[in-house]
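J.: Numbering (my numbering), first residue to last: 6 to 396. Yeah, the Cβ is synthetic: ideal placement off N, Cα and C, and Gly gets one too. What you are looking at is a predicted structure, and each value in this text was computed from that prediction instead of being measured. Structure below; questions to follow.
This is how it looks when you write it as structure tokens:
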């Protein structure tokens, strides 16, 4: 009874460790067998995710220029860590990141746009999808999403089944196909409204409620994951900008943001069941008061949004900056490749499975485990003291 009670107390403390530092759990597991047993328990991963609710940002994907095995220049999908988390494989040559959601990253082969791949940065698993049985599209976008949409809290579902929604056109109408990891096949195409001029913007989709939203030229395409129907939301031309980004609020309302002058402006989008939508200005942030003054010698911006945590990324010629919309806290992100036109945030819980081989794939975590017992205890004691001061 006493041991079980102590397990409950230890678990309550361990559940308070920061979710964006998975090494802290390994340091705890290295201190005592009891702590290792608690962390390894089947329900710990679920309770850890439930306590922290929103998965933390572990890093982001960029498009870099590298060299292939023959020394030729090629595009590289590169994972840039913003936390102590380090994926077992940081780069994928001849690839570009298209989307990231629910612990998965959607990649495309830049030499063959028929090839889509789903990558789990935590385990390093890379799954190549079969090519759709249609001619390769020249204007398209795609998104990856948990297959249990509407029945999942998306706190720790990266190991479960997933869907990939691929949108393109048949020269007249928008066409949608869905890949299911359960069946490993693409669905038959469904068709939506006529495709607008210039069609899809190369920007990640947004998930709000039971629908995916894709940014298009002066429009937003809504794809319903249940009915597979599609509809258009028009963005008034004065508001549209190619560097705009789709956003979501904490309660799941769709919106979009763009830079106007030196202000970062946000609009909310209220859709109606019978069609149509109303756009309302929500807020503006004066970037001059947040970012270093020298970043304003620019003529455009790049934006990216981390859904669920309320963080927006602003790209400048010098660097990328993340802005927490709740606190207005700004951080300059370390991006070794300079400014990229694409930054895709990656969010996921990572609670290490001490019985799986995935532990061997994390050099930074192995270092934490190989430290002496005294050092591990000191690290954990410091973390507990920090938690006590915060709580």
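Residues in the same chain with beta-carbon distance under 8 Å from residue 63, minus the five sequence neighbours each way, listed in chain order, please.
T.: Same-chain partners within the cutoff: 25, 86, 87, 88, 90, 126, 351, 352, 353 and 355.
J.: Can you look up residue 22 in the DSSP assignment and give me helix, strand or coil?
T.: Here residue 22 sits in coil by DSSP.
J.: Residues in the same chain with beta-carbon distance under 6 Å from residue 231, minus the five sequence neighbours each way, listed in chain order, please.
T.: Correct list, in chain order: 215.
J.: Applying the 10 Å Cβ sphere with the 16-neighbour rule, what's the burial state of residue 316?
T.: Residue 316 should be labelled buried.
J.: Whole angstroms are fine: how far does the CA of residue 45 sit from the CA of residue 29?
T.: Straight-line Cα distance between these residues: approximately 14 Å.
J.: In three-state terms, what does DSSP make of residue 217?
T.: Strand at residue 217.
J.: Once you ignore the five residues that flank residue 83 on each side, which residues in its own chain have a CB closer than 6 Å to its CB?
T.: Excluding residues within five positions, the ones whose Cβ falls inside 6 Å are 67, 69 and 96.
J.: Can you tell me which of the three DSSP states residue 134 falls into?
T.: The answer is coil: DSSP assigns residue 134 none of H, G, I, E or B.
J.: What separation, rounded to the nearest whole angstrom, lies between the Cα atoms of residue 164 and residue 51?
T.: C-alpha separation (whole angstroms): 13 Å.
J.: State yes or no: is the beta carbon of residue 234 nearer than 8 Å to at least one beta carbon in chain C?
T.: Protein chains in the displayed structure number just one, and chain C is not present.
J.: Hey, residue 268 and residue 292 are a contact pair by Cβ (cut 8 Å); roughly how many whole angstroms apart?
T.: Between residue 292 and residue 268 the Cβ distance is about 7 Å, and since that is below 8 Å, they are a contact.
J.: Provide the residue(s) that pair with residue 272 in DSSP beta bridges, ordered along the chain.
T.: Partner(s): 261 and 286.
J.: Buried or exposed: where does residue 339 fall if 16 or more other Cβ atoms within 10 Å of its Cβ makes it buried?
T.: Under this definition residue 339 is an exposed residue.
J.: Using DSSP's beta-bridge definition, name the partner residues of residue 338.
T.: Per DSSP, 325.
J.: Could you spell out where the alpha helix (DSSP H) holding residue 42 opens and where it closes?
T.: Counting along the chain, the alpha helix (DSSP H) containing residue 42 begins and ends at 38-45.
J.: Compute the Euclidean distance between the alpha carbons of residue 40 and residue 13, then round it to the nearest angstrom.
T.: Approximately 11 Å between the Cα atoms of the pair.
J.: Beta-carbon separation of residue 210 and residue 148 under 8 Å?
T.: Yes, they are a contact pair.
J.: What's the C-alpha gap between residue 22 and residue 277?
T.: C-alpha separation (whole angstroms): 42 Å.
J.: Along the beta strand (DSSP E) that carries residue 296, what are the first and last residues, could you check?
T.: First-last for residue 296: undefined, no H or E at that position.
J.: Using the three-state DSSP reduction, which class does residue 256 fall into: helix, strand or coil?
T.: If DSSP states are grouped into helix, strand and coil, residue 256 belongs with coil.
J.: How would you call residue 110, buried or exposed, if buried means at least 16 neighbouring beta carbons within 10 angstroms?
T.: That one is buried.
J.: Going by C-alpha distance, which of 150, 213, 206 and 204 is nearest residue 183?
T.: Among 150, 213, 206 and 204, the Cα nearest to that of residue 183 is on 150.
J.: Can you give the beta carbon distance from residue 335 to residue 295, rounded, assuming they're within the 8 Å contact cut?
T.: Right, the Cβ-Cβ distance comes to about 5 Å (below 8 Å), so this counts as a contact.
J.: Excluding sequence positions up to five away, which residues of its chain have a Cβ less than 6 Å from the Cβ of residue 196?
T.: Hits under 6 Å: 178 and 180.
J.: Return helix, strand or coil for residue 15, following the three-state DSSP convention.
T.: Three-state result, residue 15: helix.
J.: What is the DSSP secondary structure of residue 56, reduced to helix, strand or coil?
T.: Note: residue 56 maps to helix in three-state DSSP.
J.: Could you check what DSSP says for residue 186 in three-state terms: helix, strand or coil?
T.: Reduced to three states, the DSSP call for residue 186 is coil.
J.: Can you say whether residue 372 is buried or exposed, counting buried as having 16 or more other CB atoms within 10 angstroms of its CB?
T.: Confidence in residue 372 is poor, its pLDDT being 39 and thus under 50, which makes the residue's placement unreliable; the coordinate value appears in the next sentence. Label assigned to residue 372: exposed.
J.: Going by C-alpha distance, which of 331, 271 and 217 is nearest residue 308?
T.: Cα-wise, what sits closest to residue 308 is 271.
J.: Between the Cα of residue 347 and the Cα atoms of 81, 15 and 54, which residue gives the shortest distance?
T.: When only C-alpha atoms are compared, the closest one is 81.
J.: For the beta strand (DSSP E) containing residue 351, name the first residue and the last one.
T.: First-last of the beta strand (DSSP E) with residue 351: 348-352.
J.: Who are the near neighbours of residue 15 in its chain, counting only those whose CB is closer than 8 Å to its CB and skipping five residues on each side?
T.: Excluding residues within five positions, the ones whose Cβ falls inside 8 Å are 39, 40 and 43.
J.: What did DSSP end up calling residue 84 once you bin it into helix, strand or coil?
T.: Strand, per DSSP.
J.: For residue 362, collect the residues of the same chain with a Cβ closer than 8 Å to its Cβ; drop the 5 residues on either side in sequence, then sort them by chain order.
T.: In this predicted model, residue 362 has a pLDDT of only 40, less than 50, meaning its place in the structure is not dependable enough to derive any value.
J.: Using the C-alpha atoms, what's the distance from residue 198 back to residue 259?
T.: Cα-Cα distance, rounded: 20 Å.
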